[in-house]
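The block underneath contains the structure these notes are about, expressed in structure tokens.
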Amino acid sequence: MRVSDKDLLAHHIIPVVVLEDAADAAPLAAALTAGGLPVAEVTFRTAAAAESIAAMAKHPDMIVGAGTVITADQLDTAADAGASFIVSPGLNAAVVKRARERDLLVLPGAVTPSEIMATLDLGLTLCKFFPAATFGGPGALKSLGAPFRQVRFVPTGGVSAENLPEYLTLPNVAAVGGSWMVKPSLISAGDFDSVTRLTTEAVAAAAAARK
Ligand code: 3PG
Numbered sequence: 635m636r637v638s639d640k641d642l643l644a645h646h647i648i649p650v651v652v653l654e655d656a657a658d659a660a661p662l663a664a665a666l667t668a669g670g671l672p673v674a675e676v677t678f679r680t681a682a683a684a685e686s687i688a689a690m691a692k693h694p695d696m697i698v699g700a701g702t703v704i705t706a707d708q709l710d711t712a713a714d715a716g717a718s719f720i721v722s723p724g725l726n727a728a729v730v731k732r733a734r735e736r737d738l739l740v741l742p743g744a745v746t747p748s749e750i751m752a753t754l755d756l757g758l759t760l761c762k763f764f765p766a767a768t769f770g771g772p773g774a775l776k777s778l779g780a781p782f783r784q785v786r787f788v789p790t791g792g793v794s795a796e797n798l799p800e801y802l803t804l805p806n807v808a809a810v811g812g813s814w815m816v817k818p819s820l821i822s823a824g825d826f827d828s829v830t831r832l833t834t835e836a837v838a839a840a841a842a843a844r845k
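Per my numbering, residue 635 is the first one in the sequence shown, and the count goes up by one each step.
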């Protein structure tokens with residue numbers, strides 16, 4: 635089922651999750667929800683991605699999407715597993731087309747003016763900005779805001795609890811993506827209490843930055 639961009643971006647943070655074992659998906663959904671952030675982008679970087687999406691989507695409050703979707707076939711797998719939004723590191727017209735066919739919200743990655751213009755050409759105004767820190771961080775986003783007033787970004791890659799306010803105080807940043815509250819080391823250690831604590835802190839920091 636498709637999620638609206640308003641619901642997806644409501645907390646201004648999208649946790650980027652890499653799960654090696656789908657058995658961790660349900661406790662992770664519970665930990666994120668307990669921290670006030672019922673959202674997860676489950677990346678297609680592991681064999682457990684589709685099963686993890688299906689398990690997380692069973693949580694009644696969770697908004698679960700797929701990340702690192704680089705082909706239309708992967709998008710179909712994600713949609714079949716129950717993903718309600720799609721994130722891609724770059725722009726691929728076939729992925730965007732398939733997302734529309736499957737009625738899914740899609741956030742392609744775009745970091746250069748030409749990529750942003752190609753995204754606009756496809757009728758989209760919400761982009762992932764990845765890898766954010768490497769491509770100029772908040773300074774680059776500020777500069778891109780001048781010619782591209784209609785575009786909102788979700789910077790991801792190198793975002794942390796510390797630098798989150800630098801991004802979220804920019805008017806063209808709709809949300810940030812990041813893995814700092816769902817680090818693979820915490821998940822493999824079964825330390826879901828720390829996930830909830832870091833998530834609670836992240837949600838509070840985001841709310842303070844958007845005031
Ligand atoms: C992503 O896939 O979007 C990033 O790898 C997440 O970046 P981070 O680990 O630096 O938060």
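All residues carry an ideal CB built from backbone N, CA and C; glycine is no exception.
To the nearest angstrom, how far is it from the Cα of residue i to the Cα of residue j?
{"i": "Pro799", "j": "Ile647", "result": "12 Å"}
{"i": "Leu754", "j": "Ala766", "result": "19 Å"}
{"i": "Ile704", "j": "Ala839", "result": "31 Å"}
{"i": "Asp710", "j": "Ala684", "result": "10 Å"}
{"i": "Leu725", "j": "Gly773", "result": "22 Å"}
{"i": "Gly701", "j": "Pro723", "result": "8 Å"}
{"i": "Ala713", "j": "Ser686", "result": "13 Å"}
{"i": "Arg736", "j": "Ala717", "result": "10 Å"}
{"i": "Glu675", "j": "Val651", "result": "6 Å"}
{"i": "Gly792", "j": "Ser822", "result": "21 Å"}
{"i": "Val829", "j": "Thr803", "result": "24 Å"}
{"i": "Ala752", "j": "Asp827", "result": "42 Å"}
{"i": "Asp639", "j": "Val729", "result": "18 Å"}
Got a sec, what are the start and stop residues for the beta strand (DSSP E) residue i sits in?
{"i": "Arg786", "result": "Arg786 to Pro789"}
{"i": "Ala700", "result": "Ile697 to Gly701"}
{"i": "Pro649", "result": "Ile647 to Val651"}
{"i": "Ala774", "result": "Counting along the chain, Ala774 falls outside any beta strand (DSSP E), though it belongs to the alpha helix (DSSP H) covering Gly771 to Gly779."}
Flag residue i as yes when its Cβ comes closer than 7 Å to any non-hydrogen atom of the ligand 3PG, and as no otherwise.
{"i": "Thr759", "result": "no"}
{"i": "Val650", "result": "yes"}
{"i": "Gly670", "result": "no"}
{"i": "Gly716", "result": "no"}
{"i": "Ser813", "result": "yes"}
{"i": "Val816", "result": "no"}
{"i": "Gly792", "result": "yes"}
{"i": "Thr753", "result": "no"}
Would you kindly report the start and end of the unbroken alpha helix (DSSP H) that includes residue i?
{"i": "Val816", "result": "From DSSP, Val816 is part of no alpha helix (DSSP H); its letter is neither H nor E."}
{"i": "Ile720", "result": "Where Ile720 is concerned, there is no enclosing alpha helix (DSSP H), although the beta strand (DSSP E) it sits in stretches over Phe719 to Val721."}
{"i": "Ala665", "result": "Ala659 to Ala668"}
{"i": "Thr711", "result": "Ala706 to Ala715"}
{"i": "Glu835", "result": "Phe826 to Arg844"}
Quick one: using the 10 Å Cβ neighbour count with 16 as the cut-off for buried, is residue i buried or exposed?
{"i": "Pro694", "result": "exposed"}
{"i": "Pro805", "result": "exposed"}
{"i": "Pro781", "result": "exposed"}
{"i": "Gln708", "result": "buried"}
{"i": "Ala663", "result": "buried"}
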